[in-house]
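Peer 1: Okay, here's the structure, questions in a sec.
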Amino acid sequence: MVELAWLIPALPLVGFVTILLFGRRLGDPKAGLFAALMPAAAFVVTVLVYFDVLSREAEERHHVIKLFSWVPVGSLHIDMAFLIDPLSVTMALFITGIGSLIHFYAVGYMHGDPKFSKFFLYLNLFVFSMLMLVLGENLLVTFLGWEGVGACSYFLISFWHTRDSAATAGKKAFVTNRVGDWGVMIAMFLAFTTVGTVSYSGINEAAEMGHLAPVTATAIAMMLFIGACGKSAQLPLYLWLPDAMEGPTPVSALIHAATMVTSGVFLMTRVNPVLAVSYDWAPTTIATIGAITALFAATIAVAQNDIKKVLAYSTVSQLGFMFLAVGSGAYVAAIFHMVTHAFFKALLFLGSGSVIHGMHHEQDMRRMGALRKVMPVTAFTFIIGWLAIAGVPPFAGFWSKDEILLYAFANNRALYVIGVITALLTAYYMTRQVIMVFYGEARWNDHSDDHGAHGDFKPHESLKIMLFPLVVLAVLSAVGGAMQLPFSKSTHFLEHWLEPVIEFGEADIKKSWAYDNKWLLLGLAVVIACAGIAASIAVYAKKKAKAIEPAILADAWRYDAAVSSLVGGPGKAAFNALALFDAKVVDGAVNGAGIVTRSTSGVVRKVQTGFVRSYAVILSVGVLLVLAWFLFRGVWA
Amino acid sequence: MIAAAEPTTTWYLLLSALLFVIGMVGVMIRRNPLVMFMCIELMLNAVNLSFVSLAPRVANIDGQTAVFFVMVVAAAEVVVGLGIIVSIMRGRTHATVDDVAELKG
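The listed protein sequences correspond, in order, to chains A and B. Its first residue numbered 534, the first sequence is counted upward by one per residue in the numbering used here. Its first residue numbered 149, the second sequence is counted upward by one per residue in the numbering used here.
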């Protein structure tokens, strides 16, 4: 079955090509249903591959499928090949699984959009690129997918490009991602010059055998981390993700919450042996940036009023958690949290999409409230997502977040404290969101005259095709934690499954104080989550205290403005100086060479008289001279 | 006893050299394109003559073979050259090669 793994990316590609050719003819909703079937079929194949890989011994869970030799140049040999191992299969499982659910949801959400089939065209291309990214056997195939998902993200963020803000947000995402992509390219060059290959097996093996000098390993790891920062929205490159919410909500759920933004975490996990042999400051930097990003984004999320912006900052925050795990050597926890986060964040985004849909494209939470009465299914599933992200046992997010905090504690207690504060804030702002949207009094009637066209405005529950994915994701968010339970060694299912990939880089915390007292930490995490929820209920439901939402938080610590003024002020001056240098010195050199050539040729060209007979004379003289040389060279010598 | 003298290879080579020089001087001093063209043909055939006459002397047929190649090339060259000359002359009658100096530097 493993041999058929190439079908996994091939199926969405077929969908892409078919919709490219016949999308308009298929129309609404057939194009969407067809597009949704492709990742669904890929999901079936992935499940079969999963069981095949699972049935093998741990050492044999590493299979390379070579399609063709892609770049055979000199000593550089790059194959178009897929690596089937526990990590890539895990990624492919949730990408195709959640991807197809979101496709079905989008059939309902995008119904009636004039560019209906084009939306699914991009969506299928995205799934294809994402699968190339995770299944790639070497950095270049991954990079192909990496750029592919970046391009699709750009297309889909600015999908409603007639809206100015959407077009700008798309450009912002694209440019910010380019900054990160530069790091991935440098890492690739470094790997090729030092190891002689860009294949993961080659690089990781070199690291495991000790052939990779720490300085090289550090350089490769940090360059890849720059790329990961761009793609996974970490400080200082996070700022495109909140703006990316301009895209349609299924896009936010699929690309900007569940799959694409986790590819940075995936990449770092993929090369974990390199990170393991780096200098100590490299993983520390990653963990610190992750923790700071988590806290930073969580504080911003507290003061947002746009239903999707809260979730966007929450995504940045949760990605920070994943990097905290990666930097602490907790790769299993990182992947665990990635998967559970994909479940509950996709659920929350789709839920918010359902609310936006039902509210006739209203996104301001101050105009919502009491929606649980009119949207019972959405409200119920959203509440499950909320419990999962807030860290309430036994929902999925609790187990994964706790695992990360456990490793963080063993690794660096300061980062653990940041993580705990973030967890508190997470519970707080998510509760705030649930209360503002689904509880309290209905505030949408006050503004019904804004929706003049609708007459008497009443929110409504969404279609069944949109509710079905919500229910499935709610179930997964509720029970997803079961894949890695801390009770005993035998309930660490995910760890056993991923072991062949991560055993070299995974930190061993068995002898630490944290591991011995993990039940204490677990209990503390529950207390923290309950405290956050209780505080939020006191403020927003019971109105016992005034809400703390300073303008600086609503404005994201003015980070955007700071970056704008930096790039717009000194940055622009530097660019102008560079442009001047280019115009005067670089162009001057080129133009100078041109002027010299021109004036020289002005003199030399006089030789060309245009008289055939003088050419004949010169030719004859030349022939005679050559002849004389041959005849008399013996004599002269 | 000139009549009885057997022509030797040297005679042919001398004739060939003479023809070649006539052709060469012709190309250099005449202005009529057609005449220059004939002079070029003269030079080619002077070379042909030397090929043919030298072949028996060195007992090698390659020289005579080469002549056929030269003739074929000459024929092809005549076709192209005459075509060019005719098209030039169509525009300006009585033109000499000196009038056609468009590529002057």
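For every residue, glycine included, the Cβ atom is placed at its ideal position computed from N, Cα and C. If you're wondering where the values come from, they're calculated on a predicted model, not measured in any experiment.
Whole-angstrom Cβ separation of LEU658(A) and CYS685(A), contact assumed at under 8 Å?
Peer 2: About 5 Å separates the two Cβ atoms, so the contact holds.
Peer 1: Would you kindly work out how many angstroms separate the C-alpha atoms of GLY760(A) and VAL728(A), rounded to a whole number?
Peer 2: Looking at the two C-alpha atoms, the distance is approximately 20 Å.
Peer 1: How far does the alpha helix (DSSP H) with SER662(A) in it reach, from first residue to last?
Peer 2: 649-668 is the extent of the alpha helix (DSSP H) around SER662(A).
Peer 1: Could you run through the region 708-719 of chain A and flag, in chain order, every residue whose CB is less than 7 Å away from some CB of chain B?
Peer 2: Going along the region 708-719 of chain A in chain order, one finds no residue with a Cβ nearer than 7 Å to chain B.
Peer 1: Report the three-state DSSP secondary structure of PRO1019(A) (helix, strand or coil).
Peer 2: Looking at PRO1019(A) - three-state DSSP - the assignment turns out to be coil, as it is neither helix nor strand.
Peer 1: Contact between the region 998-1018 of chain A and the region 914-923 of chain A is defined here as three or more beta-carbon pairs at a separation below 8 Å; is this criterion met?
Peer 2: With a cut-off of 8 Å, the region 914-923 of chain A and the region 998-1018 of chain A count as touching, because enough Cβ pairs lie within range.
Peer 1: Determine the direct distance from the alpha carbon of ILE1151(A) to that of PRO155(B), and round the result to whole angstroms.
Peer 2: PRO155(B) and ILE1151(A): Cα-Cα distance of roughly 35 Å.
Peer 1: Mapping DSSP to helix, strand and coil, what is TRP977(A)?
Peer 2: In this structure, TRP977(A) counts as coil in the three-state DSSP scheme.
Peer 1: Does the distance from the CB of VAL206(B) to the CB of PHE168(B) come in under 8 Å?
Peer 2: Not in contact: VAL206(B) and PHE168(B) (Cβ atoms no closer than 8 Å).
Peer 1: Going straight from the alpha carbon of LEU634(A) to that of MET718(A), what length do you get?
Peer 2: Between LEU634(A) and MET718(A), the C-alpha separation is close to 33 Å.
Peer 1: According to DSSP, is HIS671(A) helix, strand or coil?
Peer 2: A small fix is needed here, since residue 671(A) is Asn in this sequence, not His. Correct three-state label for ASN671(A): strand.
Peer 1: Which partner residues does SER732(A) have in the DSSP bridge list?
Peer 2: Paired residues: ASN671(A).
Peer 1: Can you find a CB in chain B that lies within less than 8 Å of the CB of ALA1161(A)?
Peer 2: It does not; no Cβ of chain B falls within 8 Å.
Peer 1: Can you tell me the Cβ-Cβ gap for ALA1071(A) and ALA1078(A), rounded? I've got them flagged as a contact below 8 Å.
Peer 2: At roughly 6 Å, the Cβ-Cβ gap stays under 8 Å, so ALA1071(A) and ALA1078(A) are in contact.
Peer 1: Just the Cα atoms here: how many angstroms apart are PRO909(A) and PHE555(A)?
Peer 2: Approximately 38 Å between the Cα atoms of the pair.
Peer 1: Whole angstroms is fine: what's the gap from THR726(A)'s alpha carbon to VAL586(A)'s?
Peer 2: The alpha-carbon atoms of THR726(A) and VAL586(A) are separated by roughly 33 Å.
Peer 1: Could you check what DSSP says for ASP897(A) in three-state terms: helix, strand or coil?
Peer 2: The answer is strand: DSSP assigns ASP897(A) an E or B state.
Peer 1: How big is the Cα-Cα spacing for VAL550(A) and LEU723(A)?
Peer 2: VAL550(A) and LEU723(A): Cα-Cα distance of roughly 35 Å.
Peer 1: Among residues of its own chain, excluding the 5 on either side of TRP773(A), which ones have a beta-carbon nearer than 6 Å to its beta-carbon?
Peer 2: Hits under 6 Å: LYS705, ALA706 and THR709.
Peer 1: Based on the DSSP output, what are the partners of LEU1122(A) in its beta bridges?
Peer 2: Checking the displayed sequence, the identity of residue 1122(A) turns out to be Ala instead of Leu. DSSP lists no partner for ALA1122(A).
Peer 1: Curious, which full-length alpha helix (DSSP H) runs of at least 4 residues does the region 912-963 of chain A contain?
Peer 2: 929-944, all fully within the region 912-963 of chain A.
Peer 1: Measuring alpha carbon to alpha carbon, tell me which residue in HIS890(A), LEU544(A) and ALA591(A) is nearest ILE1035(A).
Peer 2: That would be ALA591(A), whose Cα lies nearest to the Cα of ILE1035(A).
Peer 1: Below 8 Å, how does it come out for the region 775-795 of chain A and the region 634-646 of chain A: are there three or more Cβ pairs, yes or no?
Peer 2: Judged by Cβ distances under 8 Å, the region 775-795 of chain A makes contact with the region 634-646 of chain A, as three or more pairs qualify.
Peer 1: Helix, strand or coil, according to DSSP, for VAL1096(A) in the structure here?
Peer 2: VAL1096(A): helix per DSSP, three-state reduction.
Peer 1: Could you tell me the alpha carbon to alpha carbon distance between TYR847(A) and GLY560(A), rounded to whole angstroms?
Peer 2: One detail in the question is off: residue 847(A) reads as Ser in this sequence, not Tyr. SER847(A) and GLY560(A): Cα-Cα distance of roughly 35 Å.
Peer 1: Mapping the DSSP letters down to three states, classify PHE692(A) as helix, strand or coil.
Peer 2: Looking at PHE692(A) - three-state DSSP - the assignment turns out to be coil, as it is neither helix nor strand.
Peer 1: Find out if the Cβ-Cβ distance for the pair GLY669(A), PRO572(A) is shorter than 8 Å.
Peer 2: The answer is no: Cβ separation not under 8 Å.
Peer 1: Would THR911(A) and GLY930(A) be called neighbours here (beta carbons separated by less than 8 Å)?
Peer 2: Cβ atoms of THR911(A) and GLY930(A): not closer than 8 Å.
Peer 1: Please tell me whether GLY1038(A) and LEU808(A) are closer than 8 Å, where the distance is taken between their beta carbons.
Peer 2: It is a contact, given that the beta carbons lie within the stated cut-off.
Peer 1: Just how far apart, CA to CA, sit GLY952(A) and ALA820(A)?
Peer 2: Looking at the two C-alpha atoms, the distance is approximately 11 Å.
Peer 1: Excluding sequence positions up to five away, which residues of its chain have a Cβ less than 6 Å from the Cβ of PHE627(A)?
Peer 2: Answer for PHE627(A): VAL872 and ALA875, listed in chain order.
Peer 1: Tell me the rounded alpha-carbon separation between LEU537(A) and VAL578(A).
Peer 2: Cα to Cα, LEU537(A) sits roughly 8 Å from VAL578(A).
Peer 1: Hey, does VAL1145(A) have any beta-carbon neighbour from chain B nearer than 8 Å?
Peer 2: So, interface residue.
Peer 1: If you reduce the DSSP assignment to three classes, tell me which class SER698(A) lands in.
Peer 2: Three-state result, SER698(A): helix.
Peer 1: Indicate the three-state DSSP secondary structure (helix, strand or coil) for ILE1042(A) in the structure shown.
Peer 2: Reduced to three states, the DSSP call for ILE1042(A) is coil.
Peer 1: Report the partner residues of SER602(A) according to the DSSP bridge assignment.
Peer 2: Looking at the DSSP assignment, SER602(A) forms a beta bridge with ASP612(A).
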